[in-house]
Structure formats: structure tokens, C-alpha cells
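**Student:** Under this note's numbering, think of the first position of the sequence shown as 58, with each following residue one higher. Beta carbons: idealized from backbone N, C-alpha and C, even for Gly. Only a predicted model underlies this, so the values are computations on that prediction, with no experimental measurement involved.
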Amino acid sequence: MDVDELINLLNKSLSDEWLAYYQYWIGSKIVKGPMKDAVIAELTLHAAEELSHAELISARIIQLKGTPVLSPDEWLKISNCGYDIPKDPYVEEILDQNIKGEQCAIRIYNEMLDITRTSDPVTYNMILQILSQEVEHEEDLTALKEDLELMLERGRS
Ligand SMILES: [Fe+2]
Ligand SMILES: [Fe+2]
Numbered sequence: 058m059d060v061d062e063l064i065n066l067l068n069k070s071l072s073d074e075w076l077a078y079y080q081y082w083i084g085s086k087i088v089k090g091p092m093k094d095a096v097i098a099e100l101t102l103h104a105a106e107e108l109s110h111a112e113l114i115s116a117r118i119i120q121l122k123g124t125p126v127l128s129p130d131e132w133l134k135i136s137n138c139g140y141d142i143p144k145d146p147y148v149e150e151i152l153d154q155n156i157k158g159e160q161c162a163i164r165i166y167n168e169m170l171d172i173t174r175t176s177d178p179v180t181y182n183m184i185l186q187i188l189s190q191e192v193e194h195e196e197d198l199t200a201l202k203e204d205l206e207l208m209l210e211r212g213r214s
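#1: Going by C-alpha distance, which of Leu205, Asn65, Lys89 is nearest aspartate 145?
#2: Residues in its own chain within less than 6 Å of glycine 84 by CB, not counting five upstream and five downstream?
#3: Please report the distance separating the alpha-carbon of leucine 188 from that of alanine 111.
#4: Any heavy atom of ligand 2 within a distance shorter than 6 Å of the CB on glutamate 196?
#5: For the alpha helix (DSSP H) holding leucine 170, just list the boundary residues, first then last.
#6: Taking just the CA atoms, how far does cysteine 161 sit from cysteine 138?
#7: Straight-line CA distance for leucine 121 to serine 70?
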């Protein structure tokens, strides 16, 4: 595959990672409701991991002699997964927004694996490493949501 096209795709994912980082980071600051402390701990950890994905992707773009996206203005314009403004700080809403973000990331990185599988083993390995973490993120958030629902159900009965 064309290297410029690959750099474009990597810059789109780099933008996704910065937006995901901020989505988690701001979520951890504003979230309210039951199980808040457990949710804050998870969101904070995920934020740090999204930032580490941005590190990996920007390093790979530079190895490929490309330029990592230079302005935050570009993030929303070129991102695959966008950004959900957390207008409602209730735990379940915050979890749902982040679950949706992870599902998008998982879909995009699976596509990236298909694209790089035979043409670029280095990028392929990096994406595989990132994807494994996105899958864990989705599982962690879903587990928290299940615990929250169980707790609320028990509270009602
Ligand atoms: Fe990520
Ligand atoms: Fe993630």
C-alpha cells in the first residue's frame, strides 16, 4: 500500500487517540453517581493508555517520514470516531459514551490490521498491540456497567 495513504490513516487514528484521551480525562473529572470512585479509577487509567497509543502512532508516523497531525483543529475533522460531549455526567451515560468510542476504535483497528497485514508488519504489530488494549478497555467498561446495573436492581428490590 501507498505510504502516504498509510500515514493519512495513522493520522486519523492519532486524532482518535487524542480525542479518546480527552473523553476519558474530562469524564474522570466530571462523572457523578453510584460507583463513582471505581469509574474514576478506570477512566483515569484508560486516559493514560490512550495517550500511550498516541505516542506509539506518532512515533510510527515519524519513522515512515510523515508528519503527525500538528494542530488540535484537525482532530475532529479527520477523526474516525469523533467526540461525544459528556453533557450528562451520570456514570451510566459516561460509560456508554466511552463504550461506544471503544467499539469504534476496535472496528477501525481491525480494518487497519487487514490493510497492513501483508504490506507493513511493523505497523501491523503496533496496531495489534493497541487493539488488544482497546478490547480490554471495552470489557472493563462493560463490566463496570453490569456491576452498576446489578447494584441498582438490588437497590430497588
Ligand atoms: Fe487507544
Ligand atoms: Fe481505548
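**Tutor:** Quick look at the numbers:
#1: Considering only alpha carbons, the answer is Lys89.
#2: Correct list, in chain order: Leu100, Pro143, Ile151.
#3: Near 13 Å, if we compare the C-alpha coordinates of alanine 111 and leucine 188.
#4: Every heavy atom of ligand 2 is 6 Å or more from the Cβ of glutamate 196, so no.
#5: Looking at the DSSP string, the run of the alpha helix (DSSP H) that includes leucine 170 is 148 to 173.
#6: Cα to Cα, cysteine 138 sits roughly 6 Å from cysteine 161.
#7: About 15 Å.
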